[in-house]
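Participant:
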Amino acid sequence: MELNIEQIRKDFPILSQSVFGKPLVYLDNAATTQKPLSVIRKIEDIYSTINANVHRGVHHLSQLATESHEEARKTVQRYVNAASSGEIIFTSGTTDSINLVASGFCRSQCKPGDEIIITTMEHHSNIVPWQIQRDISGIEIKVVPLRENGEIRLEDIEELISSKTRLIAVAHVSNVLGTINPIAGIIRLGHNYNIPVLIDAAQSVQHLPIDVQALDCDFLAFSSHKMYGPTGVGILYGKERWLEKMPPYRGGGEMIAHVSFEKTTFNELPYKFEAGTPDYVGSTALGEAIRYIENWGLEKIHRYEDRLLQYATEQLQQIEGMQIIGTSPHKSSVISFLVGGIHPYDMGMLLDQLGIALRTGHHCAQPLMDALGIEGTLRASFAFYNTEEEVDVLVEGIQKVVKMF
Ligand SMILES: Cc1ncc(COP(=O)(O)O)c(C=O)c1O
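Start counting the sequence shown at 4; every next residue gets the next number (our numbering).
Written as structure tokens, this is what we have:
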């Protein structure tokens with residue numbers, strides 16, 4: 004059975020809106036996805052029926068809230084096929100997850116002069132946490148160069164590996180170029196040199212099936228809000244043996260075993276890394292978002308989105324002056340582009356007047372923009388509720404704007 008897109012669109016109330024009198028065409032899904040009714044209702048349901056702080060109370064509601072939070076952890080565990088739910092840490096998002104690893108890993112595993120490898124196409128969230136640690140722990144950052152069509156190559160990574168390399172941190176899918184990086188090969192390469200690998204899955208976990216055990220990946224970071232779940236929640240998957248070695252990131256709340264003024268001992272995994280009241284409403288709603296994805300089937304979603312990407316690429320290429328940034332044959336649902344000499348911001352503003360929501364700017368990847376020698380791009384990014392008709396509206400919109408210049 005193929006996806007029933009008409010049905011799917013009805014599940015997302017926001018999509019039936021008009022903007023400036025035009026039907027909304029929402030193509031900013033790499034920034035955040037819209038939420039299905041089941042997720043919205045779940046949030047309302049929790050606040051209406053079981054709201055209570057988790058892990059703290061013996062009373063009925065607290066037990067129910069704790070069960071629903073821990074059930075969500077198991078849902079995430081199943082989704083990425085982690086070996087244990089103790090390896091699933093709730094954070095506030097991808098950025099928070101990477102900061103947690105950068106802090107804990109550098110403090111416990113690195114000495115001054117040790118090296119972390121990242122790539123030119125990283126989001127600031129996978130650059131700045133390492134720079135902060137560079138100032139604190141004295142690590143150095145090595146950057147894998149970008150090849151012509153927006154790809155990175157294994158041999159370029161291998162070239163940078165030295166006896167001082169401690170970790171490789173790389174995006175699965177670039178939020179600008181759409182490139183799907185060869186993470187299985189990168190992880191194998193790292194492990195050949197006994198180097199763990201962190202995958203930033205912010206742009207992949209909603210599009211491509213990920214099995215952390217099959218990949219043998221050491222850390223995986225992603226955000227709920229980019230996968231049809233609520234904002235404010237994210238996940239860090241970490242292999243138990245690494246998480247056990249890392250010190251806590253923040254203090255207070257459920258992360259303690261015992262506190263005295265002289266000394267504090269820490270809780271077991273995953274709680275060691277979850278300081279303060281966790282977002283138990285957000286976690287439960289993320290579990291609901293995962294169920295929504297699973298109900299339609301990630302394989303089918305991926306096939307549909309891939310066809311949409313091909314269609315959109317073909318149609319956009321028909322436009323005179325169109326320059327697509329990122330032309331790897333291995334791409335996910337992101338198309339960055341420039342048209343003629345038109346500034347992305349001007350084009351974005353005019354498309355907005357036509358009800359079309361696109362992203363413009365550097366997309367939190369300024370070093371990538373520098374490497375490409377541009378200031379920014381327009382970016383259309385797709386979810387499985389988007390349609391070919393919406394792509395046609397985008398193409399017509401761009402043509403209208405081009406005529407105005
Ligand atoms: C590749 C990538 N990494 C990290 C992030 C940061 O995600 P968040 O803002 O949810 O922490 C994003 C967000 O766009 C992203 O695209």
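A virtual CB, placed ideally from N, CA and C, is assigned to each residue, including glycine.
Just so it is clear, the structure is predicted and the values come from calculations on it, not from any experiment.
#1: Please list the terminal residues of the continuous beta strand (DSSP E) segment that includes G237.
#2: What are the start and end residues of the beta strand (DSSP E) that includes A224?
#3: Mind checking whether the beta-carbon of H126 lies closer than 6 Å to any heavy atom of ligand 1?
#4: On the three-state DSSP scale, how would you describe S177?
#5: Look up Q209 in the DSSP assignment and say whether it is helix, strand or coil.
#6: Measuring alpha carbon to alpha carbon, tell me which residue in I43, M124, L163 is nearest E151.
#7: Exposed or buried, M352, counting other C-beta atoms within 10 Å across all chains shown (16 or more means buried)?
#8: Where does Y252 fall in DSSP's three states?
#9: Considering only C-alpha positions, which residue in the set A75, I171, F385, G188 is nearest to S336?
#10: According to DSSP, is K77 part of a helix, a strand, or is it coil?
#11: Quick one, which of T280, I101, I213, D159 has its alpha-carbon nearest A412's?
#12: Any heavy atom of ligand 1 within a distance shorter than 6 Å of the CB on N178?
#13: Assign L246 to one of two classes, buried (16 or more other C-beta atoms within 10 Å of its C-beta) or exposed (fewer than that).
#14: Any heavy atom of ligand 1 closer than 6 Å to the Cβ of G96?
#15: How would you label G116, buried or exposed, when you count the other beta carbons within 10 angstroms and need 16 or more for buried?
#16: Name the two residues that bound the continuous beta strand (DSSP E) containing T363.
#17: How is the alpha helix (DSSP H) around H305 delimited, first residue to last?
#18: For ligand 1, I want to know if D138 counts as a neighbour, meaning its beta carbon is within less than 6 Å of at least one of the ligand's heavy atoms.
#19: Looking at the structure shown, is L170 part of a helix, part of a strand, or coil, going by DSSP?
Facilitator: So, from the data block:
#1: 237-241
#2: 222-226
#3: Answer for H126: yes, Cβ within range of ligand 1.
#4: Correct three-state label for S177: coil.
#5: coil
#6: M124
#7: exposed
#8: coil
#9: F385
#10: helix
#11: Given a span of 4 to 408 for the chain in the structure shown, any question on residue 412 remains unanswerable.
#12: Yes.
#13: buried
#14: yes
#15: Burial call: exposed.
#16: It spans 362-364 - the beta strand (DSSP E) in which T363 sits, taken as one unbroken run.
#17: 301-320
#18: Shortest gap from the CB of D138 to any heavy atom of ligand 1: 6 Å or more.
#19: Per DSSP, reduced to three states, the secondary structure at L170 is strand.
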